[in-house]
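Counting with the numbering used here, you get residues 13 to 405 for the letters of the sequence shown.
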Amino acid sequence: MNTAHLDTAGTGRMPAAVRAVLADATTRDDLYGPYDLEERLGAVLHTEVYARLGDLLGVPAADTVLFTGAAAAFEACVSGLDLTPGDRVWTTPYEGVARLGALHDLRDRTRCTLEVVPLRADGGLDLEWMSAHLDEDVALVSVTHVAPTLGTVTPVEAVGRLLAGHRARYAVDASHSVGRLPVDAAALGCDLLTADGWRFLRGPDSIGFAYVAPALRASLAGGAHPLPHPAAVAALNAALAHHAAAARLPRRDLTAELRAVLERTPGIEVLTPARERSGILAFRHADLPAGLVRRALARRGVVVRKTVAQETPLHRPRPEVTTALRASVHYDNTPEDIARFDEALRETIAELRAERRAAERTAPVRTLGPVSTGPAAPGRAPARRGHLTLVAG
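Right under this line is the structure:
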């Protein structure tokens, strides 16, 4: 059954040409071993993929580095920073748990101070707070371009302008924006930009990359970090070529249509602010658990993602929102995908509500027996059967 894949922000569907490259390289590795595969791929591994990454990010190819994922890239780069107890590191409530773990390790090693930049009431990053509190003690600023759970877009260019001329190193997590939004690392003025290859770029799993400014390259500890498999590198190279070609074609952004479906469905609350156009929308049902809704949609051939609060431990839209659903669209989605989601969502809610009503009707009724109050205290009347009586002492 063909699916309406609305989870490109989680795992993009590889184009047929990319799957073919991955399958061919994996087969050759299995038959002849890694050395033969590396010799066969040659320039793809050592030149071509870096040139494509440089074009994608607007930076010299020599300043791009391959990793097994964005989180691994961030950890490799920040773990070697030489900070002191007087230094301050800024992060945001949208920081993912993996990067946050790397920042906590940095704090534990160097005894620097880790501070969280507050959000405005509308969910945007408080640039005025940053401007008021920025000084030369701020050594690192880590910002998420697009929040993975809500799709909130951070004005990374404005942050770069604010930090220009200051000591602070600037790190941008572009995992959920590269391939969907324009990303120009040089224009951002950042020292580090990390991203995954398997989301909106629709490449293979277990590969990511980074732009690492020359001034930050020394923190890579001699380049001693896990490298992706050559087959994954070849597939990413093919995905980058496919993306570059597709980016030149007219695109239809279906975010507004997706939001319209959610907003007109009874019981659904959209958590992503209306101004965002990141292709990611978070939502929840007032009564039905997110996991049940996701599985019921999957049975109808619609793929969305369940998110949990632990993915971004510093941020929760409201205290009661611990799980939600996330739908994301890309240029490979069609209006037919949105129509299918519309129908499947309505059917899912009707089905789950009917199941809940049936369960409530058939649930056994528990009858509580009389409450034993024991012997009455001297001078007091015994409590009546079946009631709890509070007596002032």
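Don't be surprised by glycine CBs; every beta carbon is placed ideally from N, CA and C.
- In this structure, the CA atom of Arg181 is about 13 angstroms from the CA atom of Phe86.
- Under the three-state reduction of DSSP output, Gly303 falls in the helix class.
- Secondary structure note for Gly136: it is in no beta strand (DSSP E), with a DSSP letter that is neither H nor E.
- The region 236-254 and the region 56-68 touch, with three or more beta-carbon pairs separated by less than 8 angstroms.
- Here Leu248 is buried. Its C-beta has 16 or more other C-beta atoms within 10 Å.
- In this model, His116 and Leu126 are separated by some 8 angstroms (Cα to Cα).
- With respect to the 9 angstroms criterion, Ala170 and Leu193 are not classified as neighbours on the basis of their beta carbons.
- In this structure, the beta-carbon distance from Leu274 to Asn345 does not fall below 9 angstroms.
- Only residues of its own chain outside the window of five on either side were considered, and among them Ala246, Asn249 have a CB closer than 6 angstroms to the CB of Val56, listed in chain order.
- Between the alpha carbons of Val333 and Gly220 lies a distance of about 30 angstroms.
- In this structure, the alpha-carbon of Gly136 lies about 20 angstroms from that of Val190.
- DSSP places Asp75 in the helix class (H, G or I) of the three-state scheme.
- Contact annotation: the region 200-210 does not touch the region 305-313, with fewer than three C-beta pairs closer than 8 angstroms.
- By the CB criterion at 9 angstroms, Thr284 and Gly163 fall inside the cutoff.
- Rounded to whole angstroms, the Cβ separation of Gly22 and Arg264 is 21 angstroms, and the two are not in contact under 8 angstroms.
- For the region 220-290, the full-length beta strand (DSSP E) segments reaching 3 residues or more read 220-224, 280-282 along the chain.
- In terms of CA proximity to Arg123, Arg100 leads the group Ala110, Leu152, Arg100.
- Comparing alpha-carbon positions, the option among Asp196, Phe353, Pro238, Arg365 lying closest to Gly279 turns out to be Arg365.
- Shortest Cα-Cα distance from Ala83 to any of His327, Ser154, Ala375 involves Ser154.
- Closest in C-alpha terms to Leu78, from the list Arg312, Ala370, Tyr223, Arg271, comes Tyr223.
- According to the DSSP assignment, Arg100 belongs to the beta strand (DSSP E) that extends over 100-103.
- When DSSP states are grouped into helix, strand and coil, Phe353 belongs to the helix group.
- Exclusion of the five residues before and after Ala110 leaves Ala83 as the residues of its chain whose Cβ lies within less than 6 angstroms of its Cβ.
- For Tyr182, there is no enclosing alpha helix (DSSP H); the enclosing beta strand (DSSP E) has its first and last residue at 181-185.
- By the neighbour-count definition (other C-beta atoms within 10 Å, threshold 16), Thr103 is a buried residue.
- Each of Ser231, Ala227, Asp217, Pro160 was checked against the Cα of Pro240, and the nearest Cα belongs to Asp217.
- A direct Cα-Cα distance of roughly 31 angstroms separates Asn14 from Val165.
- Rounded to the nearest angstrom, the gap between the Cα atoms of Ala336 and Ala294 is 7 angstroms.
- In this structure, the beta-carbon distance from Ala197 to Val158 does not fall below 9 angstroms.
- The beta-carbon separation of Glu323 and Gly108, rounded to 6 angstroms, stays under the 8 angstroms limit for a contact.
- When secondary structure is reduced to three states using DSSP, Val333 falls in the coil class, being assigned neither helix nor strand.
- When Tyr44, Ala351, Arg296, Gly45 are compared, the shortest CA-CA separation from Ile361 is found for Arg296.
- Annotation: Glu148 is outside any alpha helix (DSSP H) and is labelled neither H nor E by DSSP.
- By the 16-neighbour rule on beta-carbons within 10 angstroms, Leu95 is buried.
- Take the alpha-carbon of Arg31 and the one of Asp41: they are about 15 angstroms apart.
- With contacts defined by Cβ atoms closer than 9 angstroms, Val128 and Leu326 form a contacting pair.
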